[in-house]
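I have placed the structure first, in the form of structure tokens, so that the comments after it can refer back to it.
In my numbering, the protein residues as written are 1010 to 2078.
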């Protein structure tokens, strides 16, 4: 596995737009714009690689230059547009538009197939898969969607109570990747309606009308095709009351209600347009649509009668992924329709203006042909062609998308994230992340978050955040790939293996579908499945074969060959060939773990048993052996989850925490730090490879995250309570966990201003230093002080010319040694805060003179059950003694060299410790560094790989004596950046009262906040109307009173509500 394999799904999904001619298909299916006998057509849409933004420039543009200048990495769009009058061509031009976003390392990227990437300011191992928008790395995150072109029986509460909660849901996607939702709804009066969406609006059409509009058919034929189902008689009777019977009448019935939305000169044309674009658009032939709706109607009736159970919409087997392919296609379709709408609007406005001019001269109210031609040619020349590029740029910069011409998206925001490089683990995890959708975060149910057995091998069971997105944000496993291009699957494969072609008569057998198209029926589905999977293995194909014939299931044999599907490799034992299986068919396959005891699955429906195969390697009677085997047991996990050593010995939540903390650790984020302009980067100076590592560590070995530390487990110094940890001061002074933080300040000068001074590289700033100066057009010089940059070292200074002004990027380097309060953690979710830098002379030591780098409390282990950390400590000690890396891969046998150990991992490690002169369990006698006496018990000590987290005290401490206040309340402003105060809330108030120190509230809430001395009028008993010993009420007697200033604000607000507050003052006794 390589880094490129991890981002390949994104690159392939982007390239599918061009390799599968998605844009070309959308252009071909888009109807021309007709205006006054004129016709506007979009003939071609093509993209070229990025080039420098100069006229006639043929120089290549690279990502490094875009990051530096805060620009976007975009190529050129060439759009061919033609204008006709009748059949005569008036004008045809190819418009050049700069602004199509190019994915880094894709087929249009200038870095593609280049080897020496460091020459262009990039990391030598940069895998790509992201966009650069306004100088920032942006990534389109995968989202979960229902499987395409498959009828799902669901239970959903309907807003309109005339409909049953039982329905059929169909997400239909054609070869243009534009998704439309169709639903079959069963009403309380027995009729069935087809629910569809047109321009976001919802419409219901009687299903029988739709069926008759698709093909010429009769009520009797429909009744026969549905196996004489009595449920259909009600729908037929209800449709007969509409007085539409022939195909033409039904199409016109539909068109009369959609003519304004779909266009068309006649009702028949409008109805045909709706059927083509909004009703099962994945099928081009009306007969195929008719067949699909009939099968779906059969399933609905069986569902209503309780013959089948509902499909699970939250099961991973019902899902595929929304990728760049569908999102870009949807945006492009919306841009085309918006362009046509705007073009028509501008032209009509010009004609209206011309009409008004003519009416002032004479009563003539018609425009001649030459005037119309002049206006439409003018509109053609001045039209807003940049709307195509602007749509993609807006989407990638904001993550928002409008979908007026698709109906399968549940959200319109949150599709794009920042591909931040806090460390490389976090960066690469973004490319494998899958989001269920922002809508589900508000749903108060746990069904969408549950870990399902169907996700085995496809979704990592560990790598998900804790908190609000738990279970909604998951990650793909290491072996999963997404299908970006369908296989070339001949229909002869089906017909040669017993599929009877579909006919207009009642058919028996199991219906066979290919991507939502009914091919026919088969009497031997098991044989067909076996032949199809054999064909798949021999041709290295990736289509998915699913036949769910379980009890209470609607029997459909479906073959899925579309894009966006999950697929992963497993080993087929009998043929010795790797087979790529899908997530929907996996539950029907027998897959064994690799190198495990040979077990077989019992076929008893009431009880599934696991029975060993007989000694002669022949299956027992009634037992079927495993047909498949895992290629690698680590395919169960995502890349980050697979790097936790001995994770099978840990409590599951601890492994989850490690996945999150690994992505927050300081390490080597990239190898091109000198050329990156990220807002903030973290590095560790002396990172190491872990002595105890997993097999998949080789993928990320060039981006290490931590240091191997000597860790002792004991209570010492009393500074190790509540997860606090003591760090050896000598180790820290030798460089343990010392690192840097890089911050980049991006400066834009006013127009026509130039820099007159910039700091030198390597200069350490003081509070009084000048950061930079600039001079405007009049020669006046302006100075900007370093201010909050005290102690920062200038690392790099880059000056460049922006669109209208001169800009600069100043990158600072801030030294960050471990401080008290900084967070650290092991690779087992054992996080802690540094509580003390303990002098080396006072640290405990072993008989061999080994002094630990870190001391942690023994109470960290019993409740958390991180046994893997104890085993890592023992294995690390062995590795340090013998000078070899130790394999800690989960669910794998431990190896000494190349010889597998017959003992368990723990026994094997214990034996190795004895060979090297240590205790079997890793304990050692230790001596106090203060008294020199031996401890009463042996201490568990070993080598553990520790990580430093990016959460540091220097970034979070907040101290203030005086400073800015809020003008209305005169209380301190909030926020660390504003040098504000820390909120003292109700819980803090209660704590002081509970401790018997309530008078401290006077200091916290008044003296140090908004203390004010008011002038009080004894006549009106108020503080609102007094000023300089005068009161608007005419009172003469005044006194002073100390109150929080916010109280005056409260009185003023109450007075606005016509409530006057009077104060009664009493002298304290």
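Every residue, glycine too, gets a C-beta built ideally from N, C-alpha and C.
Rounded to whole angstroms, how far is the Cβ of residue i from the Cβ of residue j, which I believe are closer than 8 angstroms?
i            : j            : result
residue 1189 : residue 1416 : 5 angstroms
residue 1952 : residue 1889 : 5 angstroms
residue 1204 : residue 1192 : 4 angstroms
residue 1247 : residue 1198 : 7 angstroms
residue 1035 : residue 1398 : Not really, about 16 angstroms apart at Cβ, beyond 8 angstroms.
residue 1826 : residue 1747 : 5 angstroms
residue 1158 : residue 1181 : 6 angstroms
residue 1563 : residue 1317 : 5 angstroms
residue 1487 : residue 1647 : 7 angstroms
residue 1321 : residue 1414 : No, residue 1321 and residue 1414 are not in contact; Cβ-Cβ is about 30 angstroms, not under 8 angstroms.
Looking at C-alpha atoms only, which residue of the options is the closest neighbour of residue i?
i            : options                   : result
residue 2063 : 2037, 2033 and 2040       : 2033
residue 1851 : 1737, 1771, 2039 and 1884 : 1737
residue 1934 : 1496, 1925 and 1944       : 1944
residue 1173 : 1116, 1314 and 1061       : 1314
residue 1659 : 1595, 1899 and 1407       : 1899
residue 1360 : 1348, 1346, 1385 and 1409 : 1385
residue 1938 : 1841, 1036, 1121 and 1856 : 1856
residue 2150 : 1683, 1897 and 1308       : The question about residue 2150 has no answer here: the residues shown for the chain are numbered 1010 through 2078.
residue 1118 : 1070, 1576, 1536 and 1038 : 1070
residue 1959 : 1691, 1696 and 1588       : 1691
residue 1989 : 1967, 1718 and 1087       : 1967
residue 1100 : 1280, 1048 and 1139       : 1048
residue 2087 : 1871, 1724, 1550 and 1136 : An answer regarding residue 2087 cannot be provided, because it is not within the stretch 1010 to 2078 covered by the chain.
residue 1111 : 1187, 1520 and 1022       : 1022
residue 2079 : 1830, 1404, 1918 and 1250 : Nothing can be reported for residue 2079, as the shown portion of the chain is limited to 1010 through 2078.
residue 1187 : 1289, 1236 and 1160       : 1289
residue 1873 : 2042, 1831, 1858 and 1664 : 1664
residue 1547 : 1708, 1535, 1583 and 1521 : 1583
residue 1073 : 1040, 1803, 1113 and 1085 : 1113
Residue i lies in the alpha helix (DSSP H); which residues open and close that run?
i            : result
residue 1669 : 1661–1671
residue 1948 : No alpha helix (DSSP H) holds residue 1948; the beta strand (DSSP E) holding it covers 1948–1957.
residue 1249 : 1240–1249
residue 1742 : 1738–1742
residue 1019 : 1012–1028
residue 1035 : 1031–1038
residue 1682 : Element bounds for residue 1682: n/a, residue is neither H nor E.
residue 1264 : 1256–1271
residue 1402 : 1396–1407
residue 2075 : It is not in any alpha helix (DSSP H) - residue 2075 carries neither H nor E in the DSSP assignment.
residue 2060 : 2054–2065
residue 1470 : Premise fails: residue 1470 is in no alpha helix (DSSP H) and is neither H nor E.
Considering residue i, what are the terminal residues of the beta strand (DSSP E) in which it resides?
i            : result
residue 1050 : 1047–1057
residue 1825 : 1815–1825
residue 1466 : Note, residue 1466: premise wrong, no beta strand (DSSP E); not H, not E.
residue 1043 : 1042–1044
residue 1590 : 1586–1591
residue 1717 : 1715–1722
residue 1528 : 1526–1531
residue 1655 : That residue, residue 1655, is in no beta strand (DSSP E); it is neither H nor E in DSSP.
Using a Cβ-Cβ cut-off of 9 angstroms, state whether residue i counts as contacting chain D.
i            : result
residue 1174 : Looking at the structure shown, chain D is missing, and only one protein chain is on hand.
Problem set entry | alpha helix (DSSP H) segments (min. 4 residues) lying fully within the segment 1963–2051 | 1995–2003
Problem set entry | the segment 1065–1082 touching the segment 1139–1147, judged by at least three CB pairs closer than 8 angstroms | yes
Exercise. Which whole runs of the beta strand (DSSP E) in the segment 1305–1392 are 3 residues long or more, in chain order?
Worked result: 1328–1331
Exercise. Which runs of the alpha helix (DSSP H) spanning at least 4 residues fall entirely within the segment 1166–1235, listed in chain order?
Worked result: 1216–1223 and 1228–1234
Exercise. Is there contact between the segment 1472–1479 and the segment 1501–1520, where contact requires at least three CB pairs shorter than 8 angstroms?
Worked result: The answer is no - the segment 1501–1520 does not touch the segment 1472–1479, with fewer than three Cβ pairs under 8 angstroms.
Exercise. Hey, which unbroken runs of the beta strand (DSSP E) at 3 residues or more fall wholly within the segment 1758–1787?
Worked result: 1763–1766 and 1779–1784
Exercise. In chain order, which alpha helix (DSSP H) runs of at least 4 residues are fully inside the segment 1866–1907?
Worked result: 1876–1891
Exercise. Which ranges would you report for the alpha helix (DSSP H) in the segment 1492–1520 if only whole runs of at least 4 residues count?
Worked result: 1501–1504
For this session: Would you check if the segment 1434–1453 and the segment 1541–1556 touch, i.e. whether three or more CB-CB distances between them fall below 8 angstroms?
Result: The count of Cβ pairs closer than 8 angstroms, one atom from the segment 1541–1556 and one from the segment 1434–1453, stays below three, leaving the stretches out of contact.
Problem set entry | Runs of beta strand (DSSP E) wholly within the segment 1545–1601 (minimum 3 residues, chain order) | 1553–1556, 1566–1569, 1575–1581 and 1586–1591
Exercise. For the 8 angstroms Cβ check, are there 3 or more pairs between the segment 1502–1509 and the segment 1531–1546?
Worked result: yes
For this session: Please confirm if the segment 1980–1994 is in contact with the segment 2011–2021, defined as three or more CB-CB distances below 8 angstroms between the two stretches.
Result: yes
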